[in-house]
Structure formats: C-alpha cells, structure tokens
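Visitor: Here the working numbering runs 85 ahead of the position in the sequence shown, where the first position is 1. Supplied in structure tokens, the structure appears directly below.
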Amino acid sequence: MKVLVINAGSSSIKYQLYQMPEANVLAKGVVERIGEAGSVLSQKSDSKEHVFETEIKNHKQGMNLILETLATGESKVIDDIQDIQAVGHRVVHGGEEFSGSVVIDDDVIASIEKFADLAPLHNPPNLTGIKAAQENLPNAKQVACFDTAFHASIPKVAYMYGLPYDIYEKYRVRRYGFHGTSHNYVARRAAEVLGKDFKDVKLITCHLGNGCSITAVKDGKSIDTSMGLTPLEGVMMGTRCGDIDPAIIFYLKDKGYDVDEINKMCNKQSGLLGISGKSNDMRNLLEAVDEGDKQAELAVDMFSYRIKKYIGMYFAVLNGVDAIIFTGGIGENSTPVRERICTDLSAMGVKMDTALNDETVRKEGKISTEDSSVNVYIIPTDEEYAIAHDTFELTQ
Ligand code: AMP
86 MKVLVINAGS SSIKYQLYQM PEANVLAKGV VERIGEAGSV LSQKSDSKEH
136 VFETEIKNHK QGMNLILETL ATGESKVIDD IQDIQAVGHR VVHGGEEFSG
186 SVVIDDDVIA SIEKFADLAP LHNPPNLTGI KAAQENLPNA KQVACFDTAF
236 HASIPKVAYM YGLPYDIYEK YRVRRYGFHG TSHNYVARRA AEVLGKDFKD
286 VKLITCHLGN GCSITAVKDG KSIDTSMGLT PLEGVMMGTR CGDIDPAIIF
336 YLKDKGYDVD EINKMCNKQS GLLGISGKSN DMRNLLEAVD EGDKQAELAV
386 DMFSYRIKKY IGMYFAVLNG VDAIIFTGGI GENSTPVRER ICTDLSAMGV
436 KMDTALNDET VRKEGKISTE DSSVNVYIIP TDEEYAIAHD TFELTQ
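And the structure:
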C-alpha cells in the first residue's frame, strides 16, 4: 500500500511517499514559496534529485504538482497517482478532542477549523493541505495526525494554569503540548532499545530543533510537557523566548509596545536569535562561540541551562528516570549542547561518556557511561514515518 505523508505550512508542503508496511521511502520532497515569487518543487528518490521552478499559486496547485512529479517524467516513482490509497496529514492542534490519529470526515474538519484560533499559523495551512489532497485524490482515505494527541494523557493537575477556573471552562485555556508525534516515536523506540515494555519505562524526551520541547513519559503516556496553550511556553528556542514572567508583557505595554509587537518579539525575535543578536541557528552560534563571541556563548549557555532545569523538574515529577532521550536537529547533532546539559547531573545519576557523545551524531546511540544509573540516548526522530504508520494502521 502506498501512503503519502503531507506536512502543509503557510507557504510550503513537505511530502514523503511510503510503501507500507515495509516503510520504504519511495520519494521525499518539498514545495516551497507557494503564492510567492520563485516557487519551487524539489524531490529526492533513490539517488536522484529533481528541481522544478514554476509558478505555484496555491496549495491545490502545489499538490497537483507533487502528484505529477511522483507519477510522470523522469522523477516518476509510481505508475498512477490513484495507487496512493491513503494520505496522512500532520495537523498541529487537535484541542481536547483527539487523543490519537483519526480518519478525516466532515466532523474532523470542523474541529480542525474550530481549533484554528489556538494555532492560527498552523491549523489553517494544515486544513488547506487536507482539502487540496481530497480534491486531487478523491478515492484516497485521509488521516489526521495531531501534534497535541500524545499529550492528551497529561493529568489535569499538570495541564491547568493557575488562572480563574472559568477561563478554562469558557475558553479551554490549558496546556496542550506539541511535538507529540516526535515524543511518542522516540519514547517507544527508547523502550525497545532499553529492552523494556513501553508501559514500564520512565523517560524524559528532549525534542530540540528550531522549536524545542521536553516531555515526561510514564506508563507509556505523556504526563507533562514544556509547551503549553501554544508552542511559545517552555524552554528557550531558536526565536521563541520560552518561559518568562507574564508581567513582562504588561510592563512592556506600559513602556509603549503594542500587543502585536510584543507577540512578534516573543515568537520571532527572542531565544537564541534575540540573545546572540546573530542567528537562531545553533551551528552558527557554536562557530561564533569558538571564535570568542560572548553573546553567542550566553545564548548557548542559557539554552542549555533551561533544558537542564526542565530535566530536573521532570525527574521530580517522574520520581526517577530510566533514560533521557535527545532528538531533533540540535538534540541529534549538537554535541557541545548535550554536554552542557548533562554536565553536573551526577547527583541525579546521569554520567555522560564524552567520547560517545562526540561520536554519536545524527544516529541512534547511547552516550552515557556504563555506570550511569540513568541512560542517555540519542534517538533520531522520524515524524513522517510515525504518520505513515498511523495512516496505514487506520486505513488498511
Ligand atoms: P530542526 O528544527 O529539528 O530541523 O532543527 C534545527 C536546528 O538544528 C537548528 O538550530 C540547527 O542549527 C540545528 N542543527 C542541525 N544540524 C546541526 C549540527 N550539525 N550541529 C549543531 N546544530 C545543528
């Protein structure tokens, strides 16, 4: 069975075509700059790469071009687009309604629309991707996989904010959490690697990419996570500030900033970028640190310190931990950041093997010493595979 995985953003559509259940990737690609000048599709299959620069006005056209690229010309990997029997969509916000992936029907679409005010940058383009896929592949089943779903198990004591209760009742203001597909995937894989039942492990999973979140996993479930109502809360990220005193917002308002400016500041101009004044990209910052840039060093140190703090909190929440897992672009690649986070955690039973840390880059592996009572692992995430897996399971 061929399953197409779609991750539609505001001006891009990422895709991967799988042969399931073998999980062979037949092709992967991305359409970028939809509705802008210079729109382009690039696709990789086997060792071949194809790039098509052409006007792509909207997501429907983008989806058309993806299907044409998959089924015709030199880039062809399937004979007929109707061979695609199912499409799995990444959807960011599923509110309180979805605790797992679902086959999309009119009610699911209405819910994704309803939660758009909680994820205005993500749910509308996700929905556009679903509609474009439905129009182009009317016979294929469509499945939604929510970033929030894995966190549906977080108990009320952890998901409530200390605001008046009616704010939750009226507006559903609470912690939802994100990156759930990734946390779920690496946590399950960690249990396999540890040779334990998923229901019997206590894990802290650290998804560190441009967006970052930390999750506490117990009894096979997420029991707390650092992102909240939106992906702004938690650790410091590439351009997002993470946790701040909410009174800072009122203070800045009194100083003359308007709410939109503060929103932009917190989401787009803070974090690694805001502190370093240089870049939101960890690679650039680590180079700058090597060249003696003090602001870059502060940014990397703050980033690592805040992650360490969350690990300590979740150690307490879980009452001990079997393994800490690093994943995402920074988690999988950035040895100096992992070292900063894991140094001086011996009282918690964490001892990093610096040689293993240095050699474990973009691959699975253990980076703690044999006598470390808490294991530390790198587990590369694979959200696309997780979506393909759920889509296959729900539609075969
Ligand atoms: P993601 O959002 O998961 O793609 O992760 C993006 C982040 O990973 C960026 O901050 C990158 O700088 C970082 N990253 C990717 N490769 C490396 C690397 N080799 N060393 C350090 N950071 C990296």
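Every residue, glycine too, gets a C-beta built ideally from N, C-alpha and C. Computed from a predicted structure; not experimentally measured.
I want to check one thing, is the minimum distance from the CB of R260 to the heavy atoms of the ligand AMP below 8 Å?
Guide: The answer is no for R260.
Visitor: Using the beta carbon as the reference atom, which residues fall closer than 5 Å to any heavy atom of the ligand AMP, ordered along the chain?
Guide: Listed by chain position, these are G294, N295, D366, M367, R368, G413, G414, I415, N418 and S419.
Visitor: Quick one: Cα of G214 to Cα of L358, how far?
Guide: Approximately 30 Å, taken between the alpha carbons.
Visitor: Does the count of Cβ pairs from the region 86-97 and the region 209-225 closer than 8 Å reach three?
Guide: Yes, the region 86-97 is in contact with the region 209-225.
Visitor: Assign K379 to one of two classes, buried (16 or more other C-beta atoms within 10 Å of its C-beta) or exposed (fewer than that).
Guide: Label assigned to K379: exposed.
Visitor: Look up D190 in the DSSP assignment and say whether it is helix, strand or coil.
Guide: Coil, per DSSP.
Visitor: At the level of alpha carbons, what is the spacing between A108 and Y470?
Guide: Near 7 Å, if we compare the C-alpha coordinates of Y470 and A108.
Visitor: What do you reckon, are the CB atoms on E424 and T439 nearer than 9 Å?
Guide: For E424 and T439, yes; Cβs fall inside 9 Å.
Visitor: Excluding the 5 residues flanking S457 on each side, which residues of the same chain have their C-beta closer than 7 Å to its C-beta?
Guide: Same-chain partners within the cutoff: G434, V435 and K436.
Visitor: If you follow the alpha helix (DSSP H) that L152 is in, where does it begin and where does it stop?
Guide: Looking at the DSSP string, the run of the alpha helix (DSSP H) that includes L152 is H144 to A156.
Visitor: Would you identify the three-state DSSP class for T466, choosing helix, strand or coil?
Guide: Correct three-state label for T466: coil.
Visitor: Quick check on DSSP: helix, strand or coil for L293?
Guide: Strand, per DSSP.
Visitor: According to DSSP, is V116 part of a helix, a strand, or is it coil?
Guide: Three-state DSSP puts V116 in a strand.
Visitor: If I measure Cβ to Cβ from S267 and keep anything under 6 Å in the same chain, skipping five residues before and after, which residues do I get?
Guide: The answer, listed in chain order, is H292, T466 and E468.
Visitor: Among M350, D304, I197 and S124, which has the Cα closest to the Cα of G180?
Guide: Considering only alpha carbons, the answer is I197.
Visitor: Could you tell me if E318 is buried or exposed, where buried requires 16 or more neighbouring beta carbons within 10 angstroms of its beta carbon?
Guide: The residue in question, E318, is buried, as its Cβ has 16 or more Cβ neighbours within 10 Å.
Visitor: My understanding is that I141 touches V116, with C-beta atoms under 8 Å, so please give their C-beta distance in whole angstroms.
Guide: The Cβ separation is near 6 Å, so the contact holds.
Visitor: Note down, in chain order, each residue of its chain lying with its Cβ closer than 6 Å to the Cβ of E138, except the 5 sequence neighbours on either side.
Guide: Contacts found: V125.
Visitor: Does the beta-carbon of G280 have 16 or more other beta-carbons within 10 angstroms, so that it is buried, or is it exposed?
Guide: Exposed is the call here.
Visitor: Taking DSSP's pairing of strands, which residues face T310 in a bridge?
Guide: T310 pairs with T300.
Visitor: Who does K87 pair with in a DSSP beta bridge?
Guide: DSSP, once it has assigned bridges, lists Q104 and I169 as partnering K87.
Visitor: Determine the DSSP secondary structure at Q380, reduced to helix, strand or coil.
Guide: Q380 falls in the helix class under three-state DSSP.
Visitor: Could you name the residues of the same chain whose beta carbon sits closer than 6 Å to that of G296, not counting the 5 residues immediately before and after it, in chain order?
Guide: For G296, where only same-chain residues beyond five positions count, the Cβ hits under 6 Å are P316 and M322.
Visitor: Confirm, please, whether the CB-CB distance from D304 to D285 is below 9 Å.
Guide: In this structure, D304 lies closer than 9 Å to D285 by Cβ.
Visitor: Our contact map puts L403 next to A301 with C-beta atoms below 8 Å; I'd like the distance itself, whole angstroms only.
Guide: Sure, about 5 Å apart at Cβ, within 8 Å.
Visitor: F411 to N442, Cα distance in whole Å?
Guide: For F411 and N442, the distance between alpha carbons rounds to 11 Å.
Visitor: Please determine, among A408, I189, V162 and G247, the residue with the shortest C-alpha to C-alpha distance to E134.
Guide: Checked all of A408, I189, V162 and G247; the closest Cα to E134 is V162.
Visitor: Using three-state DSSP, classify G94 as helix, strand or coil.
Guide: Coil, per DSSP.
Visitor: My assumption, with CB atoms under 8 Å, is that T154 sits in contact with Q128. Please give the rounded CB distance.
Guide: About 5 Å separates the two Cβ atoms, so the contact holds.
Visitor: If you draw a straight line from the C-alpha of Q104 to the C-alpha of V422, how long is it?
Guide: When rounded, the distance between both Cα atoms is 36 Å.
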